[in-house]
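Everything on this sheet refers to the single structure shown next.
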Amino acid sequence: MSPQDSPTDHNYEDRCPIGFDGDDPAWAIAATQPRPHREVQDEVVTKKTEQTKRDFTSDRFLPVAPESLQQSGLSTAQLEALIAKFLLNTGTAIGRKIARQMCLPFGLIERVLHTMRLDQLVAIKSEGALGDYLFELTSSGIERARRYSEQTSYFGAAPVPLARYIEGAEKQSVRHETVDMERVRHAFSHLVVGQKLLRQMGEAMNMGCSLFIYGEPGNGKTTLSESINRAYSKTIWIPRAIYVGGEIVRLFDPIHHEECPLPEGHPDRERVDNRWVRIKRPTITVGGELELSDLDVATNPVTHINEASLQLKANCGTLVFDDFGRNRFRPAELLNRLIYPLENRVDALHASSGRTFRVPFDCLVVFATNLDPMALVDEAFLRRVPFSIHIEDPSEDEFRQVFHAVARELDVQFQPDQLEYLIHNHYRQANRSMRFCHPRDIIANIKNACEFRGDEPRVTNETIDSAIASMLSLRAS
32 MSPQDSPTDH
42 NYEDRCPIGF
52 DGDDPAWAIA
62 ATQPRPHREV
72 QDEVVTKKTE
82 QTKRDFTSDR
92 FLPVAPESLQ
102 QSGLSTAQLE
112 ALIAKFLLNT
122 GTAIGRKIAR
132 QMCLPFGLIE
142 RVLHTMRLDQ
152 LVAIKSEGAL
162 GDYLFELTSS
172 GIERARRYSE
182 QTSYFGAAPV
192 PLARYIEGAE
202 KQSVRHETVD
212 MERVRHAFSH
222 LVVGQKLLRQ
232 MGEAMNMGCS
242 LFIYGEPGNG
252 KTTLSESINR
262 AYSKTIWIPR
272 AIYVGGEIVR
282 LFDPIHHEEC
292 PLPEGHPDRE
302 RVDNRWVRIK
312 RPTITVGGEL
322 ELSDLDVATN
332 PVTHINEASL
342 QLKANCGTLV
352 FDDFGRNRFR
362 PAELLNRLIY
372 PLENRVDALH
382 ASSGRTFRVP
392 FDCLVVFATN
402 LDPMALVDEA
412 FLRRVPFSIH
422 IEDPSEDEFR
432 QVFHAVAREL
442 DVQFQPDQLE
452 YLIHNHYRQA
462 NRSMRFCHPR
472 DIIANIKNAC
482 EFRGDEPRVT
492 NETIDSAIAS
502 MLSLRAS
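Numbered according to the working numbering, the sequence shown spans residues 32 to 508.
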């Protein structure tokens, strides 16, 4: 039969590299339409070297590549649907390329392709290298692939069953991490943090539970919250997608997840199940832009691809609700949504199909706010958030430490007398409260003014006065 072209007139490798999973409304629509004829050149197997960012060791959990369909936790029909949609998009592909797209061993995919040939869903267009073949869909295969695409256009990495994901999440939970003072100091070593605050943060982090962090704006609540994961082991494994309740839900998100591949030469590199991706333990921060719908599965209305909720993406890491209490919904609405997951570490998500499924709720949740928690939540919720930490204004000594550190970082010269002038004239006499953010704001303002005038960046009494006068945040404090 004639080879089938992709839905557009562009070369597939240019518009659809390995890893594209069908999340494109144009493709989802085109997948159900007849396509024009175009000859497709035989493909050449190319090797791509994995780039590693850093060398990590001692993972708690290692997903091992399946050797059989049973070990994969999937059925022939599930893989058939993914392969059919992939071939519908590419027109043709060699077996090894299909296996790379599915993130499964070639031998396993080869057996599924054999079954699809017997069912007259695919045909061999030509022979390839290393005993491989170039496959294309038959007319029956095209018809079936279009039906599959109407359900969802997803044809990325084969999903991991929910039970396997739960097993991996449990083994990599922050609750298994032992946090001592040494780890806490390391986590906040880039900040100026007093002993009292270190102890409070350490106790909450060691329990792996939820906490409130509150205090005046500009004292580093967000920075502290986003540094918590530095006390835990650096990496975890998550599936690219999970299969749950008859639905495929995409979990790996390059916006929130930083991939950390095993380094070249690592003894486990060839054993890994490539449906899983090794990432930096996630920290996800959401602020006033948060909608309650972000806490449930999102389904693209055109492609019908399911996207995991924020808390599912944050599992085994930290989820920070920044500026809590300043969202477009009432705080009680968020608290009502989270009260059961916080207590039971299990969440119920809803797909667009109407299916409801239970997933782990295994992230350390931080509520960071400028408001008094007692004015935001009721006693029932406070009982489920056992730690409440007030971030106090810096002392004069802490202010000096931050000022010195920022001046070094920004390469701005100053004399000790000028720092004392700032503290005495603009804080003590002005009865102005100090904030941890003030040194950076002041020095950055001074550096900018000096560079504008063509002067060497230097702190003087005059540049201090000018900076204070021009900064509304300081004039108001």
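Just so you know, even glycine gets a beta-carbon here, dropped at the ideal spot from N, CA and C. Since the structure is predicted, the reported quantities are computational estimates derived from the model, not experimental observations.
- Per the Cβ contact rule, the region 165-178 is not in contact with the region 247-263 (fewer than 3 Cβ pairs under 8 Å).
- Residue environment for D442: exposed (fewer than 16 other C-beta atoms within 10 angstroms of its C-beta).
- Approximately 16 Å separates the beta-carbon atoms of T107 and F166; this is outside 8 Å, ruling out the contact.
- Excluding the 5 residues flanking it on each side, D284 has same chain C-beta neighbours closer than 7 Å at K344, in chain order.
- F392 is not bridged by DSSP to any residue.
- Excluding the 5 residues flanking it on each side, E427 has same chain C-beta neighbours closer than 7 Å at I454, in chain order.
- Between V408 and L366, the alpha-carbon positions lie close to 8 Å from each other.
- If you draw a straight line from the Cα of S241 to the Cα of S419, it comes to about 9 Å.
- Taking C-beta separations shorter than 8 Å and ignoring five residues to either side along the sequence, the partners of R302 in its chain run L93, V95 and A96, following chain order.
- Looking at the backbone, the Cα of Y452 and that of Q231 are separated by about 33 Å.
- Measuring C-alpha to C-alpha distances from M465 to each of Q109, C394, A154 and G251 identifies G251 as the nearest.
- Per the Cβ contact rule, the region 493-501 is in contact with the region 462-476 (3 or more Cβ pairs under 8 Å).
- Three or more beta-carbon pairs separated by less than 8 Å link the region 264-278 to the region 187-196, which places the two stretches in contact.
- With a threshold of 16 other beta carbon atoms within 10 Å, Q226 falls short and is exposed.
- For L135, the closest C-alpha among the options Y164, T121 and L105 is that of L105.
- For L350, the three-state secondary structure derived from DSSP is strand.
- In the structure shown, Y452 falls within a helical segment according to DSSP collapsed to helix, strand and coil.
- Using a Cβ distance threshold of 8 Å, A436 and F445 do not count as a contacting pair.
- Counting C-beta atoms within 10 angstroms of its own C-beta, M236 has 16 or more neighbours from the protein chains shown and is therefore classed as buried.
- Y274 is bridged by DSSP to P192 and I279.
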